[in-house]
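In full-length UniProt numbering, the protein residues as written are 1 to 430.
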Ligand code: PMP
């Protein structure tokens with residue numbers, strides 16, 4: 001106990017004030033296995049936040065550990081200026097899975113840097129620094145990524161190298177749009193986009209959007225929304241970048257990529273990925289149509305992007321994910337979990353909505369008897385779930401009043417039921 005407090009004090013003394021930690025008594029996670037992690041006091045938790053979605057498959061997955069240690073025993077890093085077999089192999093597999101014809105892959109070390117790269121490409125290709133982003137979005141923490149992040153709690157400056165216009169549609173909010181049917185909502189958002197473009201001087205480079213907003217609280221825009229946007233974008237020559245950092249690799253259950261729920265008219269021009277592909281190792285990247293990827297006429301390398309150890313992890317993890325049909329598992333187990341949570345939520349006035357796709361489930365909380373967001377309730381539930389042995393996340397606009405559930409994709413039915421029972425107790429504690 002004292003150790004944890006002193007580590008927290010030491011954290012506070014040396015790390016930035018804005019590096020927020022979960023929980024009154026922050027956790028120190030020391031190890032994990034499967035869907036469980038242990039803290040420094042030896043307490044075991046069911047992990048419904050998957051190491052913030054980075055542990056996509058399972059903690060301490062033997063296949064990944066073996067691939068990493070074997071590669072580390074050979075070589076951890078060599079210059080990006082030499083050929084790198086695991087990097088080429090992973091790029092081939094990702095390009096093949098991306099759905100983007102003649103897709104070229106560039107590896108980075110984070111989702112932020114992946115989005116930065118996509119913005120560099122889009123602005124260079126189109127010769128414009130005007131970008132469309134969605135309200136309530138999150139795309140990372142670099143200067144340019146902050147400039148396209150529409151969620152105020154995550155954009156610490158309004159200065160930006162980009163001129164960003166925020167589009168409606170990623171989240172319904174509580175205004176007049178909230179009452180519309182899916183078809184009406186899509187129509188209204190498309191009309192709004194058309195109107196905005198009609199009033200905008202100069203070309204716009206790209207629209208960047210998360211198919212399901214992650215940090216924004218696992219919002220679920222109607223299927224087909226971005227496909228409908230695409231028709232407008234095409235008329236203006238504007239590129240579509242799908243930020244798949246949270247929605248990629250089958251997490252949404254029905255589809256391997258989030259864009260597939262939207263894409264009547266084909267894949268995006270670029271997609272960005274990160275988080276889960278390395279099962280915790282730092283991999284990010286961009287897949288772009290060759291013409292766009294190759295528009296740069298100067299060198300642009302990443303010293304660590306594509307490093308052999310992370311690529312070995314990615315290859316082993318992707319192989320496991322596909323061989324064990326974890327997308328199918330996300331659909332089946334996620335479907336059961338959301339049903340169970342909806343049944344629980346229906347009895348509790350603190351729950352406004354239970355929503356999600358696959359193993360990406362959000363529970364939006366309100367002050368009972370009102371439609372007002374309740375960040376206090378979210379904090380209470382988070383603490384109570386922790387006491388009960390369950391880790392979950394928080395997110396959303398309105399001061400983070402949405403509980404976020406995103407377990408490793410290998411979650412089984414017993415664990416889903418166990419987690420739902422702990423959550424029910426925690427929700428009843430409000
Ligand atoms: N895009 C999305 C949709 C994300 O959720 C995140 C991380 N939460 C990022 C980009 C940034 O990724 P990273 O933290 O790896 O830089």
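Don't be surprised by glycine CBs; every beta carbon is placed ideally from N, CA and C. Remember, predicted model here, so these are calculated numbers, not experimental data.
In angstroms, rounded to a whole number, what distance separates the CA positions of residue i and residue j?
i: residue 395; j: residue 344; result: 20 Å
i: residue 52; j: residue 393; result: 8 Å
i: residue 219; j: residue 85; result: 38 Å
i: residue 139; j: residue 87; result: 24 Å
i: residue 374; j: residue 182; result: 26 Å
i: residue 27; j: residue 411; result: 22 Å
i: residue 407; j: residue 201; result: 44 Å
i: residue 62; j: residue 31; result: 14 Å
i: residue 304; j: residue 169; result: 36 Å
i: residue 266; j: residue 371; result: 38 Å
i: residue 359; j: residue 57; result: 12 Å
i: residue 313; j: residue 125; result: 32 Å
i: residue 9; j: residue 383; result: 20 Å
i: residue 142; j: residue 156; result: 10 Å
i: residue 162; j: residue 152; result: 17 Å
i: residue 148; j: residue 204; result: 14 Å
i: residue 279; j: residue 357; result: 20 Å
i: residue 1; j: residue 336; result: Per-residue confidence for residue 1 stands at a pLDDT of 49, beneath the threshold of 50, marking its modelled position as unreliable; no derived number is given.
i: residue 438; j: residue 150; result: Nothing can be reported for residue 438: it is not among the residues displayed for the chain, which extend from 1 to 430.
i: residue 83; j: residue 105; result: 15 Å
i: residue 432; j: residue 187; result: Given that the chain is displayed from residue 1 to residue 430, the structure contains no residue 432 and the question cannot be resolved.
i: residue 45; j: residue 35; result: 9 Å
Under the assumption that residue i contacts residue j (Cβ atoms under 8 Å), give the Cβ distance between them as a whole number of angstroms.
i: residue 258; j: residue 409; result: Wrong, their Cβ atoms sit about 14 Å apart, outside the cutoff.
i: residue 144; j: residue 116; result: 5 Å
i: residue 256; j: residue 222; result: In fact, because the Cβ distance is near 20 Å, the residues do not count as touching under 8 Å.
i: residue 55; j: residue 284; result: Actually they are not in contact, since the Cβ atoms of residue 55 and residue 284 sit about 16 Å apart, beyond 8 Å.
i: residue 388; j: residue 425; result: 6 Å
**contact_flag[the region 133 to 144, the region 207 to 221] where n(CB pairs < 8 Å) is 3 or more** = Touching, yes.
**Neighbourhood of the ligand PMP [Cβ distance below 5 Å to any heavy atom], ordered by chain position** = Residues with a Cβ closer than 5 Å to any heavy atom of the ligand PMP, in chain order: 110, 111, 112, 139, 140, 210, 214, 243, 245, 246, 274.
**Request:** Flag this pair as touching only if the region 33 to 41 and the region 308 to 315 have three or more C-beta atom pairs under 8 Å; answer yes or no.
**Result:** In the pairwise beta carbon analysis, the region 33 to 41 is classified as not touching the region 308 to 315: fewer than three pairs are separated by under 8 Å.
**Message:** Quick check for students: name the residue ranges of the alpha helix (DSSP H) that lie wholly in the region 35 to 110, counting only runs of 4 or more.
**Reply:** Counting only runs of 4 or more, we get 50 to 53, 62 to 74, 85 to 98.
**Item:** the region 218 to 233 contacting the region 192 to 200, beta-carbon criterion three pairs below 8 Å
**Value:** Counting Cβ pairs under 8 Å, three or more are found: they touch.
**Minimum length 4: unbroken alpha helix (DSSP H) runs contained in the region 275 to 307** = With a minimum length of 4 residues, the unbroken runs of alpha helix (DSSP H) contained wholly in the region 275 to 307 fall at 290 to 293.
**Asked** Taking three-plus beta-carbon pairs below 8 Å as touching, is the region 236 to 243 in contact with the region 254 to 270?
**Response** A contact exists between the region 236 to 243 and the region 254 to 270.
**Asked** Touching or not, the region 165 to 180 and the region 413 to 426, by the rule of three or more beta carbon pairs under 8 Å?
**Response** The answer is no - the region 413 to 426 does not touch the region 165 to 180, with fewer than three Cβ pairs under 8 Å.
**Request:** Output the residue ranges of the beta strand (DSSP E) runs that lie fully inside the region 334 to 385 and measure 3 residues or longer, sorted by chain position.
**Result:** Those beta strand (DSSP E) runs which fall completely within the region 334 to 385 and span 3+ residues are 351 to 357, 360 to 365.
**Item:** Contained alpha helix (DSSP H) runs [length at least 4] in the region 130 to 176, N- to C-terminal order
**Value:** Contiguous alpha helix (DSSP H) elements confined to the region 130 to 176 occur at 143 to 146, taking only those with 4 or more residues.
**Prompt:** Quick check: the region 290 to 304 against the region 102 to 119, are there 3 or more CB pairs under 8 Å?
**Reply:** Taking 8 Å as the limit for Cβ pairs, the verdict is that the region 102 to 119 does touch the region 290 to 304.
**Message:** Could you tell me which whole alpha helix (DSSP H) segments of length 4 or greater appear in the region 211 to 239?
**Reply:** Counting only runs of 4 or more, we get 225 to 236.
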